[in-house]
Amino acid sequence: MINTHKREEFDIEINQTVGKPFIKDAKFSTRNVDVFYGEKQAIFDANIDIGKNQIIAMIGPSGCGKSTFLRCLNRMNDTIQDCHISGDIRLDGEDIYQKQQDPVLLRARVGMVFQKPNPFPKSIYDNVAYGAKLHGLASSKIELDELVEKSLTRAGLFKEVKDSLHKPGTGLSGGQQQRLCIARTIAIDPEVILMDEPTSALDPIATAVIEELMISLSKKYTIAIVTHSMQQAARVSQRTAYFHLGYLVEVNDTNTVFTNPEHRLTENYITGRFG
Amino acid sequence: MISNTKKIKNKLAKRYAKEKRFQIYGLGAIVISIAFLLSLLINISTTGFPAFQQTYINIDVDIDSKLLNLDGKYSEQALFSANYRKVINQSLKTLFPGVEDRRQKRALRQLISKSARYQLRDFVMNNPDTINTKQSLWFLARDDVDVFMKGSIDRSLPESDRRLKNFQLVWIDKLLTENRLEKRFNINFFTQGDSREPEQAGIKGAMIGSLLTMLVTVLLSFPIGVSAAIYLEEFAPKNNRWVDIIEININNLAAVPSIVFGLLGLAVFIGFFGVPRSIPLIGGLVLTLMTLPTIIISSRAALKAVPPSIREAALGLGASRVQTTFHHVVPAAMPGILTGTIIGMAQALGETAPLLMIGMVAFIADVPQGITDPSTVLPVQIYLWSDSPERAFTERTSAAIMVLLGFLIVMNLLATIMRRKFEKKR
């Protein structure tokens, strides 16, 4: 009963994203983005800007398309068979889906941290150095050593691992592994970091460390984070986007979304009535 | 009304009994298989071990240049073609004077291996100054003497049923009392090729043949198989009809009887491409065909088992698909790939049927020097020997099986070491 009621409400009301989806000086801007997995449409007409040096949080119930949307931003969806995307996604005004765009270059500019910590089954040092080696960012061993140390320091991990740099990265704790993945991502100095539920596998203490890290990183990087924790979104982000069943329902400043949501669906979700 | 606790309790005893029964079945299965394995190993080693010893006969040889037909010229050519047989026969005669009967004379010559004259020739050619002297030399005993010495011929049998006649036994007893018969380590078994005479037959030809064939097989099937698996698993379009057809065919090929691969090799490699038969090259080619499906299937399984998060991590850092595959996926899958390869190679090492089709079953006495020399392989050698009527080949068959098993253990050991190395790197 409640469900049908919601669906009706939803059909009537979601035509356009409410709130303030567009901003000036956007790093990313997406217009009319539709994403399909085969026949099934996962995202309907998403329009949103992502601001420079800001953290934007994407929230919503499971299966609402927020992760899918995030993965469109660095073309990770290219690797999925029969996933296709229409619409316009621009990074610094450049269409990232145009033919000339090289996904390898794009992914060097738009880094990603995944839900489950996924360090390579190699040493901590090699994990961090891999991207730099790949793109030829360090010209000497000394430079590479410095880069590894700098990246680990910025990820707040160096103190803990400085004596075990050549031990396998998979031997670290979950929180340390995730920070290692962040260090690995920032080692190639991307412009944007996408984080797909980076703390969902971690305990509250490790989560707090990572959240602090995100805030300090946002001074330099644009960060888009998908999260299931509304508290986390409230704590770290400047703007929040609410997704529902593939629709981008509402985008606004985080404060506004959590204190004065415009849309009923958003309100229902953040007050815990469903989701 | 019975409570749930009671219901569960009532069934509990039955459940535990079932569990125990199942454990007993499993344990029983293991005990039975170990018993079979042990009896097999014991049987093979007890029959095979005597083959590592060989009886030698000591004879005082009068290296008379007249008997040798050497008229004062000791050139290499003359020494090579001299009549050593006569010298040995004469020496035997002096050892057992009074043997005049023709049949007995022949029997006397049969105490000693036919290869004795070549042994003597090698000795004389190495030491030409021994000509016209008397030398006490050890020669290979004939297989019947050897078998008797190892206790496989029963004295109590009636003479007509015995390989050695009564007068031969008398000679052997005389030799024994004079300490002229001795069992020594059978070095020939490891340094000689095949022979029709059991006492001369060795396994070196088959060992080198197997080694060369395996080398060809691994050098071809590993890169081809792994590349095919990598392409099919990582790069080929999914849900494509052609890829599906290829996949089904590979799976079916793994189940094709191996002799069919032999026929295929005969038709394609020998018939069409004109590769000579009986050589390790053609054996390796045919065994490659046979092992490819095994390697491809197991490599694909190993690649599939690599968590996708590793691929995502590499792609997310801006690695290309090829870099992702070769930097992360293949190293992570390597232990599994190696296991599959070693299973395929072990299969190939023990394979006989396809090799019969391409002429590797021929009798080849020479040790092959390269992959284009005619040769045979260990399992075929076992097959050939097991088919020979001489009693002495029985023990050699078992000994060859032991060598084959040793080969397998060494191969597995190497693979395990390599596996460990790859696992340690991670």
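Those protein sequences? They're chains A and B, same order as listed. Residue 282, in our numbering, is where the first sequence stops; the numbers in between run on with no holes. Residue 424, in our numbering, is where the second sequence stops; the numbers in between run on with no holes. Yeah, the Cβ is synthetic: ideal placement off N, Cα and C, and Gly gets one too.
Sufficient close CB pairs (3 or more, under 8 angstroms) joining the stretch 205 to 215 of chain B to the stretch 275 to 295 of chain B: yes
C-alpha gap between leucine 201/A and proline 124/A, whole angstroms: 14 angstroms
Contained alpha helix (DSSP H) runs [length at least 4] in the stretch 14 to 91 of chain A, N- to C-terminal order: 73 to 79
Test: asparagine 237/B CB closer than 8 angstroms to a CB of chain A: yes
As assigned by DSSP and simplified to three states, the class of aspartate 170/A: coil
Closer than 7 angstroms at the beta carbon, the chain B residues around arginine 186/A: Per Cβ cutoff of 7 angstroms: no residues; arginine 186/A is ~14 angstroms from chain B at best.
Cβ-Cβ distance between serine 392/B and glutamine 345/B below 8 angstroms: With the sequence shown as reference, residue 392/B is identified as threonine, and serine is not the correct amino acid for it. Not closer than 8 angstroms, so no.
C-alpha gap between phenylalanine 47/B and phenylalanine 405/B, whole angstroms: 17 angstroms
Residue range of the unbroken beta strand (DSSP E) whose run includes glutamate 257/A: 254 to 260
Identity of the residue in Arg275/B, Val328/B, Gly316/B, Ser276/B nearest serine 425/B by Cα: Because chain B spans -1 through 424 in this model, residue 425/B falls outside it and cannot be assessed.
Validate contact between the stretch 242 to 252 of chain B and the stretch 300 to 315 of chain B using beta carbons, cut 8 angstroms, 3 pairs: no
Chain A contact for glycine 316/B (CB, 8 angstroms cutoff): yes
Integer-rounded CB distance, given that asparagine 39/A should sit under 8 angstroms from aspartate 85/A: Contact doesn't hold; Cβ gap of about 19 angstroms is too wide.
is_contact[glutamine 321/B, chain A] using C-beta, thresh 8 angstroms: yes
Cross-strand partners of aspartate 102/A (DSSP beta bridge): Arg97/A
Sequence-distant residues of the same chain with beta carbon closer than 7 angstroms to arginine 242/A, five excluded per side: Glu218
Test: alanine 226/B CB closer than 8 angstroms to a CB of chain A: no
Beta carbon of alanine 49/B nearer than 8 angstroms to that of phenylalanine 165/B: no
Residues that valine 111/A contacts on chain B, provided the C-beta gap is smaller than 7 angstroms: Gly316, Ser318
Range covered by the beta strand (DSSP E) that runs through phenylalanine 250/A: 246 to 251
Inter-residue Cα distance where the pair is methionine 426/B and leucine 138/B: The requested residue 426/B does not occur in the structure, where chain B is confined to residues -1 to 424.
Alpha-carbon to alpha-carbon, arginine 114/A and isoleucine 232/A: 16 angstroms
CB of threonine 337/B within 8 angstroms of CB of glycine 203/B, strictly: no
Contacts around asparagine 125/B, its chain only, beta-carbon distance under 7 angstroms, and the 5 residues preceding and following it disregarded: none
Closest residue to cysteine 71/A among His270/A, Val264/A, His251/A (Cα-Cα distance): His251/A
Chain-order list of residues whose beta-carbon lies under 6 angstroms from that of phenylalanine 17/A (same chain, five-residue window excluded): Residue placement at phenylalanine 17/A is flagged as unreliable, the pLDDT there being 49, under the threshold of 50; a coordinate-derived value is accordingly withheld.
Distance between beta carbons of threonine 215/B and leucine 285/B, contact taken as under 8 angstroms: 4 angstroms
For alanine 253/B, the nearest candidate out of Ile129/B, Gly342/B, Met332/B (CA to CA): Gly342/B
Alpha carbon of threonine 278/A to alpha carbon of serine 207/A, nearest angstrom: 20 angstroms
Per-residue burial, isoleucine 193/A [other beta carbons within 10 Å of its own, 16 or more giving buried]: buried
Residues within the stretch 294 to 314 of chain B neighbouring chain A, beta-carbon criterion of under 8 angstroms: Pro305, Ser307, Ile308, Arg309, Glu310, Ala311, Ala312, Leu313, Gly314
C-beta neighbour in chain A for alanine 330/B, strict 8 angstroms: yes
Delimiting residues of the alpha helix (DSSP H) encompassing aspartate 210/A: That residue, aspartate 210/A, is in no alpha helix (DSSP H); it is neither H nor E in DSSP.
Counterpart residues of threonine 128/B in DSSP-defined beta bridges: DSSP, once it has assigned bridges, lists no residue as partnering threonine 128/B.
Within-8 angstroms CB hit, histidine 142/A to chain B: yes
Contact belief for methionine 205/B with leucine 376/B at Cβ below 8 angstroms, rounded distance in angstroms: 7 angstroms
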